[in-house]
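In terms of the working numbering, the sequence shown opens at residue 21 and continues consecutively.
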Amino acid sequence: MKSYVAGVAAAFALFTSSCTKLEPELGGQETIGVVKDGATPAAPTISSVYGQLNQLVSQENWFALNEHSTDEILGPTRGTDWDDFGTWRRLHLHTWGPDHNQINNVWNGLNGALFQSTLAAELLTGQAQAEGKFLRSYFRFLMIDAFGQMQVRPATAPASAIPSVVPRSEAIDLIITELESAVAGLPAFTGTNRHVATKEAAWALLAKLYLNKAVYKAPATAPAGPYTFAAADMNKVIQYCNSVAANTNLAVETNYWDNFVWTNNSASSENIFVRRNTDGINMVWATCMGGHYNQAPSGWNGFTTLSDFYDSFEDADVRKSATLPGFTDQVGTKAGFNVGQARGPQGQRIGNPLVDLKDRSGNPLVFTRNVSIFFNGEASGIRTNKFPLDPSSINDGGWGSTNDFVFLRLSDVRLMKAEAILRGGTDAETPLAIVNSIRSRRNATALTAAPTLTVLLAERGRELYLEGWRRNDMIRYGVFNKPVQERAAESDPTKVIFPIPAIALSSNPNLKQNPGY
């Protein structure tokens, strides 16, 4: 992964990061040089600022922090494979500290993104500036969500200026104000511009911000709550969700998997904001991180979901597992989760007959429900396949994926509205009607009673798994620290916020370590 140096090299984006990974390098990110005192900073191209999103599209770092720390996914050690100095275990067990490599990488990457998006938000003009403000708001949101504070320095400040630090209790108001001011300069969503900031993307993000406002306003000494959700904030969530839904170019997708397959850039009717699969992005990691070596494409035999999470789905729910025409009949795997006897094309060549696969010892390759955070065989664990790859690319190693990565989509917006109503907001539509309108499209049984918050959290998990929202959701619902499968003990409440890397503390005296670290 690349790292970024912004202004004071050790203050905004720190040391060069490194990490153990198996997927190819992500391209499309520009290294940012130090701005010397007295020099006028150069405004970036808006495309280069969008390139900062690339760091989020990976099996590690930002994605890992928001998924491996939850009940959705874990990285089991398989003999000597996937130990990686315990980086995956520490995330699932909530035993990370300021020295954790992936936490350091996320800190560096987001600070680099904030530097470049600040240049865009303050030095560009017109629509490009509005897009820069959207992107800065998005990166600031990710920063305060993860670290509880953000560094701020104007684009024209001298390089010797140490960034000020804003706690998230204040930062949330700054982010909302800037994003609301940017909406007027953004284009409307048309269905073909989902890879750039639009009014609908800004409204969806504003709904996220207001929905999480109570979390970010919590005292630094009690970051895990309990939280007080103001009715006025929930009504703002509803307002912005309704604004998004009013666009007739958006509709909850009748075919769930059209949101994620290799043609999702055109097939999806509900993806609002995505990272377009250009500039060297490769979504193969989303399949190969859990796929076995002998499958097509050849996977890395890493991550699995947990059987408790898998069992939260009805068997008929297409989100759990689905046979995709033109995919499953060629590749052998289903979209969603795969358990039991693995199948694939003979010789791992698309077009060959599908056969029952064997493991590296010649035994039947049967993915099991059971998995351990510590000791596993090569077939342990239920495997995931959220972004099915184009079968035509797999004979070339599977490195030609065309899937866009999804950040914001309409089903998320609709479920946010349902949650806001349950938390005290007012609207003529009911949470029951909202949830059932989604479940009916997923072949899930309609609910017969109004959902509780517990039921709604489970529905968000089923709808949005492996899209990077689970940690955020579990924190807001007050269950992030609760025991989950393969983590028997409740973690300390301070774990809802990650630590500030030690080198950052030594570089910026305005930064203070978060409680518990």
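Virtual Cβ for every residue (Gly too), placed ideally from N, Cα, C.
The structure presented is a predicted model; accordingly, all values stated were derived computationally and were not measured.
Boundaries of the alpha helix (DSSP H) in which Ser-527 is found, first to last residue:
In this chain, the alpha helix (DSSP H) harbouring Ser-527 covers 522 to 527.
Terminal residues of the continuous beta strand (DSSP E) containing Gly-356?
Here the beta strand (DSSP E) through Gly-356 covers 355 to 358.
(request) For Lys-378, write down the residues that DSSP places opposite it in a beta bridge. (result) DSSP lists Pro-384 as partners of Lys-378.
What would DSSP say about Arg-429, mapped onto helix, strand or coil? Per DSSP, reduced to three states, the secondary structure at Arg-429 is strand.
Name the residue from Asp-253, Thr-197, Phe-425 and Ile-123 whose alpha carbon lies nearest to the alpha carbon of Trp-282.
Of the listed residues, the one whose Cα sits closest to Trp-282 is Phe-425.
Judging by CA-CA distance, which residue of Ser-412, Phe-135 and Ala-181 is the nearest neighbour of Phe-347?
Residue nearest to Phe-347 within the set Ser-412, Phe-135 and Ala-181 is Ser-412 (criterion: CA-CA distance).
At which residues does the beta strand (DSSP E) containing Ser-184 begin and terminate? Where Ser-184 is concerned, the enclosing beta strand (DSSP E) starts and stops at 184 to 187.
| message | Rounding to the nearest angstrom, what Cα-Cα distance links Glu-151 and Ala-202 in this structure? | response | Taken atom to atom, the span from the alpha-carbon of Glu-151 to that of Ala-202 is near 8 Å.
Quiz item: Cβ of Gly-356 within 8 Å of Cβ of Ala-336?
Solution: By the CB criterion at 8 Å, Gly-356 and Ala-336 fall outside the cutoff.
* To do: Report the rounded CA-to-CA distance for Ala-252 versus Lys-233, giving the unit in angstroms.
  => If I take the Cα positions, the gap works out to 11 Å.
**From Leu-194, Val-235 and Ala-222, residue whose alpha carbon lies closest to that of Pro-207** = Here the closest residue by C-alpha is Ala-222.
Check your understanding: Which residue's Cα is closest to the Cα of Val-433: Arg-480, Arg-462 and Leu-409?
Key -> It is Arg-480.
Length of the line joining the Cα atoms of Leu-467 and Leu-452 = Their backbone Cα atoms lie some 7 Å apart in a straight line.
Note to self: Taking 8 Å as the threshold (C-beta atoms), are Pro-61 and Thr-176 in contact?
What the structure shows: Yes, they are a contact pair.
Which of the three DSSP states is assigned to Val-257 in this structure?
In the structure shown, Val-257 sits in a helix (DSSP, three-state: H, G or I).
**Asked** Can you tell me whether Pro-384 is buried or exposed, with buried defined as 16 or more other CB within 10 angstroms of its CB?
**Response** Within 10 angstroms of the beta-carbon of Pro-384 lie fewer than 16 other beta-carbons, which makes it exposed.
Whole-angstrom distance between Gln-366 and Thr-210, CA atom to CA atom
Rounded to the nearest angstrom, the gap between the Cα atoms of Thr-210 and Gln-366 is 43 Å.
Selected residue, minimal CA-CA separation from Tyr-313, among Leu-134, Asn-291, Ser-381 and Ala-217: The shortest Cα separation from Tyr-313 among Leu-134, Asn-291, Ser-381 and Ala-217 belongs to Ser-381.
Requested in this report: Take Pro-243 and list the residues in its own chain whose beta-carbon comes closer than 6 Å to its own, dropping the five residues that flank it on each side.
Outcome: Val-516 and Ile-517, listed in sequence order.
Ser-341 - DSSP class collapsed to helix/strand/coil: Of the three classes helix, strand and coil, the one that applies to Ser-341 here is strand, per DSSP.
task: Output the boundary residues of the alpha helix (DSSP H) element that contains Thr-348.
output: According to the DSSP assignment, Thr-348 belongs to the alpha helix (DSSP H) that extends over 348 to 351.
ask   = Can you tell me whether DSSP reads Phe-500 as helix, strand or coil?
value = Assigned with DSSP and collapsed to three states, Phe-500 falls in coil, not helix or strand.
Inset, instruction - Reducing DSSP to helix, strand and coil, say where Asn-396 ends up. - result: Note: Asn-396 maps to coil in three-state DSSP.
| message | Please report the distance separating the alpha-carbon of Arg-443 from that of Tyr-158. | response | Straight-line Cα distance between these residues: approximately 24 Å.
*Using DSSP with H/G/I as helix, E/B as strand and the rest coil, what is Asn-480?*
With the sequence shown as reference, residue 480 is identified as Arg, and Asn is not the correct amino acid for it. DSSP places Arg-480 within a helical segment (H, G or I) once states are collapsed to three.
Cut-off 6 Å between Cβ atoms - residues of its own chain near Trp-127, not counting five sequence neighbours on either side: Non-local C-beta neighbours of Trp-127 in its own chain, meaning closer than 6 Å and more than five positions away in sequence, comprise Pro-521, ordered along the chain.
query = Can you list, in chain order, the residues of its chain whose CB lies under 7 Å from that of Leu-139, leaving out five sequence neighbours each side?
reply = Annotation for Leu-139: Pro-61, Ala-63, Pro-64 and Ala-175 place their beta carbon closer than 7 Å to its own, counting only its chain and skipping 5 residues before and after.
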